[in-house]
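The structure under discussion appears below in the form of structure tokens.
In my numbering, the protein residues as written are 6 to 198.
Dropping the structure here:
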């Protein structure tokens, strides 16, 4: 299984530690803001604590969301192996980052939304191959071939958007490189074994 690889387990532990640190630090800043608001001479009418309360609340929620995501990733990584696929990164704005994976065995494509605050992690390595572990219908974990820096992905569900993304990836040469990708997939499977 993918979680059996030491680098994947370490990467997931780092992800969880960052989420935990964000939640704890956010809660501390939030508590400081509340203390300044009600426990000091600034009083309820002061505007000073409000940014601290907001910042702390956002960081806490982001950290808690990261902990939920880490649990979801752990479940998926424990259930299946890493599979290497040729990948193309497509972006349209800051929020919509899509990675299209090509399956060397079947010639099919899988467009996935990238769910991360750091979309640069979804950029394929120089060989154009990314590792993916998951269910094409429910989502999964995407990472560069080394298995570090895991990110959550969900499938593109709308047929028109799927078709557009596959067409874009095809124009960028995704399907052209599928013949040579079979060896990369075999290497990734051998490394994960």
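Note that the Cβ used here is the ideal one computed from N, Cα and C, for glycine as well.
Keep in mind it's a predicted model, so treat the numbers as computed, not measured.
Among the options, which residue has its Cα nearest to the Cα of residue i?
i           : options          : result
residue 8   : 175, 86, 71, 176 : 86
residue 58  : 67, 72, 42       : 42
residue 164 : 137, 114, 121    : 114
residue 131 : 106, 91, 65      : 91
residue 108 : 24, 175, 122, 45 : 175
residue 171 : 125, 18, 103     : 103
Can you list, in chain order, the residues of its chain with a C-beta nearer than 7 angstroms to that of residue i? Leave out the 5 residues immediately preceding and following it.
i           : result
residue 69  : 28
residue 144 : 157, 158, 159, 160
residue 60  : 34
residue 167 : 116, 161
On the criterion of 16 or more Cβ atoms from any shown chain inside 10 Å, does residue i qualify as buried, or is it exposed?
i           : result
residue 20  : buried
residue 142 : exposed
residue 112 : exposed
residue 45  : exposed
residue 105 : buried
residue 53  : exposed
Rounded C-beta distance between residue i and residue j? I'm assuming under 8 angstroms.
i           : j          : result
residue 40  : residue 62 : So it is not a contact: roughly 14 angstroms between Cβ atoms.
residue 177 : residue 93 : 5 angstroms
residue 72  : residue 24 : 5 angstroms
Which residues bound the beta strand (DSSP E) around residue i?
i           : result
residue 137 : 134-140
residue 157 : 156-160
Cutting at 8 angstroms between CB atoms, please list the residues of its own chain near residue i, excluding the five before and the five after it.
i           : result
residue 101 : 118
residue 146 : 7, 78, 81, 82, 137, 138, 139, 155, 156, 157, 158
residue 14  : 8
Quick check on residue i - is its C-beta less than 8 angstroms from some C-beta in chain C?
i           : result
residue 130 : No chain C is present in this structure, which holds just one protein chain.
Output needed for residue i: all residues of its chain with C-beta closer than 6 angstroms, excluding positions within five of it in sequence on either side, in chain order.
i           : result
residue 153 : 12, 16
residue 121 : 156
So residue i is in the alpha helix (DSSP H); what residue range does that whole segment cover?
i          : result
residue 66 : 54-84
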